[in-house]
Amino acid sequence: MEISKSQPVTPPAALPDAPKRWHNPLMVPLKPVAIRLRIGLGIGFFVLFVAVWALVTLGGMVSPTFLADPITMLEQGVALFTEYNFALDIGMTVMRVLSGFVLAAVIAVPLGIMMGAFKTWEAFLEPFVSFCRYLPASAFVPLLILWAGIGEMQKILVIFIGSFFQIVLMVAVTVSSARRDLVEAAYTLGCSNRSIVRRVLIPGAAPGIAELLRLVLGWAWTYVIVAELIGSESGIGHMIVDSQALLNTGQIIFGIIIIGLIGLLSDYLFKRVNRRLFAWSYPA
């Protein structure tokens, strides 16, 4: 029996002769969680994490050289903004991530649609794309420094390489999983091959493509830090490397937390835009 995604899942009633069992209402498989409870649980884990961190560091279990306590981390974070113009570093990192990711998406999405729609294109490109997908973006850094120097283009290309091949293959898989009955129905109504792609495959795959772009944007943040570790004079990664040389774990942790917060915010905004554009594909 198929269960609709829009219907909440409730536990079945116990049989008359079956022994009574206690059911935890919070542990019902696939049952949606109320928005307030979801927010409370999410915040609760962060509070628990910081509490354990404070206990370990302020209690003297770990040396400050290896792990700064939360208070020191906040003090170092304030110093980064007031004394070292950390806002500029954040802006440079965000610019690099968006530039590399958008460039990769603009080229990779149409190519992935072609591969998913036409098996000839898939047979021609899929082996090479799959091969490149397993190559770590960090391995290209020495070559990119030789080709593009240590300027902005080198860092953008690292993000581009790390994102491009992932997007191509994931888009191709999403498009190729279209419902065959819809394609056959479109042919019956007189659609051409181009119309099939434009009116059936792309609209059907659009919500999935939007979601995978949201996931790849998160991966792009890992690539930008790799790009900024070498030959960079600005950015969050550059600040982390400088702090490492000074054994300033407070600034290192603060930079990592800033990356996580920016990523969390971008993921939330991406999700809101996707829900607004493709509201019909999300459960109520």
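Going by UniProt numbering, the letters in the sequence shown line up with residues 1 to 284, in that order. For glycine and all other residues, C-beta sits at the position ideal for the given N, C-alpha and C. Being a predicted model, the structure only gives us computed values, none of them experimental.
Identity of the residue in the options nearest residue i by Cα
| i | options | result |
| --- | --- | --- |
| residue 80 | 56, 240, 169 and 147 | 240 |
| residue 114 | 248, 173 and 104 | 173 |
| residue 122 | 170, 78 and 224 | 170 |
| residue 229 | 142, 278, 206 and 204 | 142 |
| residue 209 | 237, 109, 144 and 185 | 109 |
| residue 112 | 76, 65, 177 and 71 | 177 |
| residue 75 | 249, 259, 272 and 276 | 249 |
| residue 258 | 78, 30, 41 and 47 | 78 |
| residue 133 | 190, 164 and 104 | 164 |
| residue 235 | 145, 96, 245 and 126 | 96 |
| residue 175 | 150, 149, 147 and 204 | 204 |
| residue 152 | 224, 32, 260 and 44 | 224 |
Endpoints, the alpha helix (DSSP H) within which residue i is located
| i | result |
| --- | --- |
| residue 191 | Residue 191 -> no alpha helix (DSSP H), and no H or E assigned at all. |
| residue 26 | Where residue 26 is concerned, there is no enclosing alpha helix (DSSP H), given that its DSSP letter is neither H nor E. |
| residue 274 | 249-277 |
| residue 242 | 236-245 |
| residue 360 | Only positions 1 to 284 of the chain appear in the structure, and residue 360 is not among them; the question remains open. |
| residue 142 | 141-148 |
| residue 134 | Residue 134 -> no alpha helix (DSSP H), and no H or E assigned at all. |
| residue 176 | 152-176 |
| residue 73 | 70-83 |
| residue 221 | 202-228 |
| residue 66 | Segment: none, residue 66 is in no alpha helix (DSSP H) and carries neither H nor E. |
Beta-carbon proximity check, residue i vs residue j, cutoff 7 Å
| i | j | result |
| --- | --- | --- |
| residue 198 | residue 270 | no |
| residue 254 | residue 92 | no |
| residue 99 | residue 207 | no |
| residue 161 | residue 140 | yes |
| residue 26 | residue 117 | no |
| residue 216 | residue 262 | no |
| residue 47 | residue 56 | no |
| residue 101 | residue 220 | yes |
| residue 256 | residue 243 | no |
| residue 247 | residue 65 | yes |
Nearest-angstrom Cβ-Cβ length linking residue i and residue j, presumed shorter than 8 Å
| i | j | result |
| --- | --- | --- |
| residue 69 | residue 54 | 6 Å |
| residue 232 | residue 155 | 7 Å |
| residue 130 | residue 226 | The pair is not a contact, with the Cβ atoms about 22 Å apart (cut-off 8 Å). |
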